[in-house]
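Chemist: So the sequence shown is residues -22 to -1, 1 to 657, counted in mature numbering (1 follows the signal peptide of the UniProt record, and there is no 0). Every residue, glycine too, gets a C-beta built ideally from N, C-alpha and C. The structure is given below, and queries will be raised subsequently.
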Amino acid sequence: MRYASWLLASVGMLASTGTAGAQTNPTPTGAASATPVQTPADAGQAPAGAVGPVIETTPAPATDDPGQDIVVTASRIDRAGFTAPTPTTVVGAATLEQRAAVNVADVLNEVPSFRRTAAPESGGIGNVGANNVDLRGLGPVRTLVLLDRLRLPGITVPGQSVAGVPDLNIIPSALLSKVDVVTGGASAAYGSDAVAGVVNLQINTRLTGVKGTVQYGQTRHEDAKDFFGSLAGGTAFADGRGHLVLGAEYNRNTGTDLFNTKRDWGRRNAGLVSPPTNRAAGLAANLVADDVLFGTLTTGGLITPSVASNPVALRNLQFVAGADGRVSAVPFDAGLYQGQIGTSMIGGSNVNPYQVLRPASRRYNLLAHLTYDLGSDIEAWVEPLYSDVRVRNISAQIRAATGGTTGFLNFRPDNAYLQDALTPAQRALVPAAGLSIGYLGNDVGPPRLEIRNRTARIAGGLRGAFGGSWRWDVNAQYGRNKSEQTIENSAITANFLRAIDAVRVTSANVGTSGLAIGSVACRSTLTSPTNGCQPINALGRTNVSPEAYAYAFAGGYARAISTLTEVTANINGEPFSLWAGPVSIGVGGNYRRETLRTDVDDLSQAGALNTRAPRNFPRASQNVKEAYVEVIVPLLSEEFGLGELDFNGAARVTDYSISGSVGTWKGGLTWKPISDILL
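Here you go:
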């Protein structure tokens, strides 16, 4: 299998009155400062595999201000020179720019500890368009995503598998100074839901000047055309007491063409298969093979060989419409069935003509961050954010008598369209119970899905310092996400089954229906003339009349509104010293309230649509109260001749209004026997 290669072109622009680049948060007067450590990637060295040139018309390398502090996500304590005993990966701003990625999630998913679970090209008809992060493959819901140590509103698409998880599409990547990924002990430091770890996105709140990027890319098949533009800028005001940064992004992807159009592997019907457990020795658990096709259903209907009640003489007959529109039953070449793989080869049908690799998408986001020095070592900040993401997708639909995905429909012996398609000799073989026919529904085209996510957030707070080593912050935020899902062209299962159960009206069955003798009508209409049913010939992919479409097909709608209200407070400092140095302690707590409300259409609520549709449920809410404490205790210093030894421990208590209380903790040691070795 060959993979699509991308052609990428980008232009970077930078203009500033000072330094533009990754800078750290300000330190109020009197606060301790830390010395930043510059990684090779952040020093200008391009990471391996960097794609696309980034051209700066006015180079301005990032500089480190000794009056500013470094925010370390691995610990809630800001202490100069301390390295927490916690696995931490740092992705700097230079790396983000050099990768020329249109979303920070694209860069993070290249880190081995991440698994690409939910991305714009994943999800089929489901959770498409989202850019979630999944640490250790434990699921996005177990990875806590923060923006400057504060939570982000979760996104819930009704009826989909990923719910309440932040979407990284909402953050302008041009404003990021770095991303910290913590994969150990994160639950005690940030919350019990950080089972896999924490991803902390940090905004460059001291950006000065303007920088922008314009980028275009497409596959070698000339689809998935991707347009991306970003603009970020910042400036100081009020004699340097205030600072404002703004960032915006726009991204549009046209999506790929259908599987079987431009890609050779799609035309070869390549697919991933899993052989049974009794496979031959040496055969892999998963294989990529050509001509992976269904052997039990076709787009026009197949008298499936896998149902015992189907007469042997009629099995493997498929229904095909001729040039004159007449439908007939002709032999179906199932090809060679590979028992070790479990699929039909060289024959049959699949869903490739009705699926795409990546759906079309469009998104934009806006973020502003304002800080202002109030004096007396107190700084105020406020940060509004808005994002709008829209995705369109299509999918194949297998219609079944149960509304599931088996693809088998039952046709009775007196079905008018079945009788027309079979010869007299074939009709005589149809059992009284009818025929089970495998059907891959494409009578009116594939279902179409659109998902739109709009997120708004306002956050703000105060932070300051006192007593030389003590720092504090108080923060509050409110976030709201509105997710809308629209499904078009989906079968109403019960109506579709009534519509294909069509019979010819005779004097024996006309009853009081008033239907014309010799006409074709739904069986149900004979006893209920006003039920609105219109017959559909599902055999041979015959066209569906507008009246029948209105009866048997419809669209669905669902909306979910989720909110996040949060208040946090933290303080850390050095209350006293021991023989090896000062002891640091950090304490804090937060309260948050999360709500979710859904609304769906009546058909979806009743489970009437063949496409997977969401169900409505009462408004849900949850209140969470948390408190934590973290300590750093120096046990040895260089004066003892054994190097530096520190203990770091943390504990957190979380009370959920729904499930009760839970406690988490962590502990670790760091030993630095010499300056070049840290254990």
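(1) Are the region 170 to 178 and the region 112 to 128 in contact at 8 Å, needing three or more beta carbon pairs?
(2) Counting only beta-carbon separations shorter than 7 Å, does Ala406 have a partner in chain B?
(3) Does DSSP classify Asp20 as helix, strand or coil?
(4) Can you find the residues in the same chain that come closer than 6 Å, C-beta to C-beta, to Leu344, ignoring five residues on each side of it along the sequence?
(5) From Phe272, Gly551, Pro337, Asn294, pick the residue whose C-alpha is nearest to that of Ser53; which is it?
(6) Let me confirm a value: Ser637 is counted as buried when at least 16 other C-beta atoms fall within 10 Å, else exposed. Which label applies?
(7) Measuring only the C-alpha atoms, how far is Ala214 from Leu542?
(8) Quick check on Ser208: does DSSP put it in helix, strand or coil?
(9) For Val436, tell me which candidate among Arg476, Gly445, Trp359, Gly489 has the shortest Cα-Cα distance.
(10) Which residue from Ala469, Pro507, Ala538 puts its Cα closest to that of Gln463?
(11) Buried or exposed, going by whether 16 or more other CB atoms sit within 10 Å of the CB of Phe554?
(12) Could you give the distance in angstroms between the alpha-carbon of Ala258 and the alpha-carbon of Leu587?
(13) Between which two residues does the beta strand (DSSP E) carrying Asn550 extend?
(14) At which residues does the beta strand (DSSP E) containing Gln512 begin and terminate?
(15) Rounded to whole angstroms, what's the CA-CA distance from Gly218 to Gly207? Just pull it up for me.
(16) Quickly, what does DSSP pair Gln404 with across the bridge? List them, please.
(17) Going along the chain, which residues of its own chain have a beta-carbon closer than 6 Å to the beta-carbon of Gln1, five neighbours each way excluded?
(18) Rounded C-beta distance between Gly412 and Phe386? I'm assuming under 8 Å.
(19) Could you check what DSSP says for Lys240 in three-state terms: helix, strand or coil?
(20) From the DSSP output, read off the bridge partner residues of Glu608.
(21) Using the three-state DSSP reduction, which class does Ser653 fall into: helix, strand or coil?
(22) Please return the same chain residues whose Cβ sits closer than 8 Å to the Cβ of Ala299, not counting the five positions on each side in sequence.
(23) Does DSSP classify Gly641 as helix, strand or coil?
(24) Compute the Euclidean distance between the alpha carbons of Thr95 and Ala486, then round it to the nearest angstrom.
(25) Cutting at 6 Å between CB atoms, please list the residues of its own chain near Val522, excluding the five before and the five after it.
(26) Would you list, in sequence order, the uninterrupted beta strand (DSSP E) runs of no fewer than 3 residues that lie entirely inside the region 413 to 488?
(27) Whole angstroms are fine: how far does the CA of Asn453 sit from the CA of Gly439?
(28) From this set, Pro507, Gly445, Thr490, which residue's C-alpha is nearest Ser354's C-alpha?
(29) What's the gap between the Cα of Tyr342 and the Cα of Thr191?
(30) Please report the residue range of the alpha helix (DSSP H) in which Arg501 lies.
(31) Between Ile149 and Leu125, which are expected to be in contact by the criterion C-beta below 8 Å, what is the C-beta distance as a whole number of angstroms?
(32) Please classify Ile149: does DSSP put it in a helix, a strand, or coil?
(33) Give the DSSP bridge partners of Asp633, in chain order.
(34) Taking Cβ to Cβ, would you say Asn231 is nearer than 7 Å to Val367?
(35) Quick one: is Gly566 buried, meaning 16 or more other Cβ sit within 10 Å of its Cβ, or exposed?
(36) Below 6 Å CB to CB, which residues in the same chain sit around Asp268 once its five sequence neighbours on both sides are set aside?
Modeler: So, to answer that:
(1) Touching, per the Cβ criterion.
(2) This model lacks chain B altogether; it includes just one protein chain.
(3) Position 42 of the sequence shown holds residue 20. Only weak support exists for where Asp20 lies, its pLDDT of 37 falling under 50; the value from the coordinates is given anyway. In the three-state scheme derived from DSSP, where H, G and I count as helix and E and B as strand, Asp20 is classed as coil.
(4) The residue given as residue 344 occupies position 366 in the sequence shown. Answer for Leu344: Ala226, Tyr364, listed in chain order.
(5) Position 75 of the sequence shown, counted from the first residue, corresponds to residue 53. Taking the Cα of Ser53 as reference, the smallest distance to any Cα among Phe272, Gly551, Pro337, Asn294 is reached at Gly551.
(6) For the purposes of this step, residue 637 is identified with residue 659 of the sequence shown, where counting begins at 1. Burial state of Ser637 is exposed, judged by a 10 Å Cβ sphere holding fewer than 16 other Cβ atoms.
(7) In the sequence shown, counting from the first residue as 1, residue 214 sits at position 236. In the sequence shown, counting from the first residue as 1, residue 542 sits at position 564. Going by C-alpha positions, Ala214 is about 31 Å away from Leu542.
(8) Translated into the one-based positions of the sequence shown, residue 208 becomes position 230. Here Ser208 sits in strand by DSSP.
(9) Numbered from its first residue, the sequence shown carries residue 436 at position 458. The sequence given here places Ile at residue 436; Val does not occur at that position. Nearest C-alpha to Ile436: Trp359.
(10) Residue 463 sits at position 485 when you count from the first residue of the sequence shown. The candidate whose alpha carbon is nearest that of Gln463 is Ala538.
(11) Looking up residue 554 in the sequence shown gives position 576. The residue in question, Phe554, is exposed, as its Cβ has fewer than 16 Cβ neighbours within 10 Å.
(12) Walking along the sequence shown from the start, residue 258 turns up at place 280. Walking along the sequence shown from the start, residue 587 turns up at place 609. Rounded to whole angstroms, Ala258 to Leu587 spans 41 Å at the Cα level.
(13) Within the sequence shown, numbered from 1, the residue matching residue 550 stands at position 572. Per DSSP, the unbroken beta strand (DSSP E) holding Asn550 starts and ends at 531 to 556.
(14) Counting from one through the sequence shown, the residue named residue 512 turns up at place 534. No beta strand (DSSP E) holds Gln512; DSSP gives it neither H nor E.
(15) The sequence position of residue 218 within the sequence shown is 240, counting from 1. The sequence position of residue 207 within the sequence shown is 229, counting from 1. The alpha-carbon atoms of Gly218 and Gly207 are separated by roughly 30 Å.
(16) The sequence position of residue 404 within the sequence shown is 426, counting from 1. As computed with DSSP, Gln404 is found in no beta bridge at all.
(17) Here the question's residue 1 lines up with position 23 in the sequence shown. Residue placement at Gln1 cannot be trusted, given a pLDDT of 36 that sits under 50; what the coordinates show is reported in the next sentence. So the qualifying residues of the chain are Asn182, Arg184.
(18) Within the sequence shown, the letter at position 434 stands for residue 412. Within the sequence shown, the letter at position 408 stands for residue 386. At roughly 11 Å, the Cβ-Cβ gap does not stay under 8 Å, so Gly412 and Phe386 are not in contact.
(19) Position 262 of the sequence shown, counting from 1, holds the residue named residue 240. Of the three classes helix, strand and coil, the one that applies to Lys240 here is helix, per DSSP.
(20) Your numbering for residue 608 matches position 630 in the sequence shown. Per DSSP, the beta-bridge partners of Glu608 are Gly564, Ala628.
(21) Within the sequence shown, the letter at position 675 stands for residue 653. Of the three classes helix, strand and coil, the one that applies to Ser653 here is coil, per DSSP.
(22) Within the sequence shown, numbered from 1, the residue matching residue 299 stands at position 321. Cβ within range, chain order: Gly278, Val305, Gly518, Arg519, Thr520.
(23) In the sequence shown, residue 641 corresponds to position 663, counting from 1. The answer is strand: DSSP assigns Gly641 an E or B state.
(24) The sequence position of residue 95 within the sequence shown is 117, counting from 1. The sequence position of residue 486 within the sequence shown is 508, counting from 1. Each residue's Cα considered, the two are about 59 Å apart.
(25) Taking the sequence shown and counting its residues from 1, one reaches residue 522 at position 544. Same-chain partners within the cutoff: Asp421, Val422, Ile514.
(26) Residue ranges of uninterrupted beta strand (DSSP E) with 3 or more members, entirely inside the region 413 to 488 and ordered along the chain, are 413 to 416, 426 to 444, 448 to 469, 480 to 482.
(27) Start at 1 with the first residue of the sequence shown, and residue 439 comes out as number 461. Start at 1 with the first residue of the sequence shown, and residue 453 comes out as number 475. Rounded to the nearest angstrom, the two C-alpha atoms are 4 Å apart.
(28) As a first step, residue 354 must be located in the sequence shown, where it is residue number 376. The shortest C-alpha separation from Ser354 is found at Gly445.
(29) Residue 342 sits at position 364 when you count from the first residue of the sequence shown. Residue 191 sits at position 213 when you count from the first residue of the sequence shown. If you draw a straight line from the Cα of Tyr342 to the Cα of Thr191, it comes to about 14 Å.
(30) The sequence position of residue 501 within the sequence shown is 523, counting from 1. 501 to 505 is the span of the alpha helix (DSSP H), which, as asked, contains Arg501.
(31) Mapped onto the sequence shown, residue 149 falls at position 171. Mapped onto the sequence shown, residue 125 falls at position 147. Going by Cβ atoms, the distance from Ile149 to Leu125 rounds to 7 Å, so yes, they are a contact pair.
(32) Residue mapping note: residue 149 aligns to position 171 of the sequence shown, counting from 1. The answer is coil: DSSP assigns Ile149 none of H, G, I, E or B.
(33) In the sequence shown, counting from the first residue as 1, residue 633 sits at position 655. The bridge partners DSSP lists for Asp633 are Lys603, Ser639.
(34) What you label residue 231 is simply residue 253 of the sequence shown in a count that begins at 1. What you label residue 367 is simply residue 389 of the sequence shown in a count that begins at 1. No.
(35) Here residue 566 is taken as the residue at index 588 of the sequence shown, counted from 1. A residue is called buried when at least 16 other Cβ atoms come within 10 angstroms of its Cβ; Gly566 meets this threshold and is buried.
(36) For the purposes of this step, residue 268 is identified with residue 290 of the sequence shown, where counting begins at 1. Same-chain partners within the cutoff: Arg246, Ala248.
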